[in-house]
């Protein structure tokens, strides 16, 4: 690591403060000090939502070789956003992960060690690999003529999942109980009242075949535009997704009754087995571009990206093949020295 510069971004706020606890209480800071005695390194702590993205952009622009996200899925996603905005790939920078938080969806896909010291050792001893990044352009909830542009590394979804995340983010009880319990509570409550709204959608590229570019209509329960495999902490929604194949795995459940949603869809999503659902209620495809819009303009259908609200429909997605260098134990693309 001689001659390298490594920046650590620690989220003390998210996941019940687990990012800060991981840094302070898991002997991580002393280990960094010892292992990087001959390396320039720096730690920054997030102060507000979106700050991890700003810090990552600063690290990349200052010539750091590795930017390490210490936090949960949201922190990882924000660091990737800052990295992409600073064009980190072309500047030879890579992203590392030391996980904390409640979900761990991307960590589960990539089999990144959950032990902080093991994750640190991986970062310091492994070459980077090129992985895909998703990009979503979603409508701002209170500005129908404006869009929110966002990158995502794991999964961006719309439908009941977006409604759940919106309720979690708006909850006044989130500060008093664990993130996992809040998410479970609003998953259950939202499931009781959610009714699939009519939407129009178009899938392009990949396995679309004869349906490539054709607009269709459905009652949307959930559509996951997946780079990774797991959503919401325990849903194996896209079991065949690869983070470096240049395509999204698009998984969709639609036109479900309340009974179907609870007794068929929920078990299928957790297991990753949609085969028990009829073709008129579920499909999976591999695509490079996706677009969805509401049939009724008044419907506010929320989009979530890596566990945070990204906007509402209409929205468009596209894949950026091998857009990000990451240090991972699972090499799914070309390895590069950093």
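Numbering (my numbering), first residue to last: 2 to 339. Where a beta carbon is used, it is the ideal one built from N, C-alpha and C, also for glycine. What you are looking at is a predicted structure, and each value in this text was computed from that prediction instead of being measured.
Exclusion of the five residues before and after residue 83 leaves 54, 57 and 58 as the residues of its chain whose Cβ lies within less than 6 Å of its Cβ.
If you compare the alpha carbons of 310, 215, 220 and 47 with that of residue 288, the shortest gap goes to 215.
A straight line joining the alpha-carbon of residue 315 with that of residue 249 spans about 19 Å. For residue 221, the enclosing beta strand (DSSP E) stretches over residues 217-227. Its chain contains 324, 325 and 326 as the residues whose beta carbon lies nearer than 7 Å to that of residue 90, once the 5 sequence neighbours on both sides are disregarded; these appear in chain order. Beta-bridge pairing by DSSP links residue 185 to no other residue. Take residue 296, set aside five residues on each side of it, and the residues of its chain with a beta-carbon closer than 8 Å to its own are 198, 199, 200, 201 and 218, in chain order. Within 10 angstroms of the beta-carbon of residue 177 lie fewer than 16 other beta-carbons, which makes it exposed. In this structure, residue 304 sits away from residue 169, with a CB-CB distance that is not shorter than 8 Å.
Residue 49 is bridged by DSSP to nothing; it lacks a bridge partner. Taking 3 residues as the shortest admissible run, the segment 145-211 contains the following complete beta strand (DSSP E) segments, listed from N- to C-terminal end: 156-160 and 199-205.
In this structure, DSSP gives residue 241 a state outside helix and strand, which the three-state scheme calls coil. By the Cβ criterion, the segment 58-74 is not in contact with the segment 141-151, since fewer than three pairs of Cβ atoms, one from each stretch, lie closer than 8 Å. With a threshold of 16 other beta carbon atoms within 10 Å, residue 70 meets it and is buried. Using a 10 angstroms sphere on the CB of residue 31, the tally of other CB atoms stays under 16, which defines it as exposed.
Assigned with DSSP and collapsed to three states, residue 63 falls in coil, not helix or strand. For secondary structure counted as the beta strand (DSSP E) over 3 or more consecutive residues, the segment 260-294 holds these complete runs in sequence order: 283-288.
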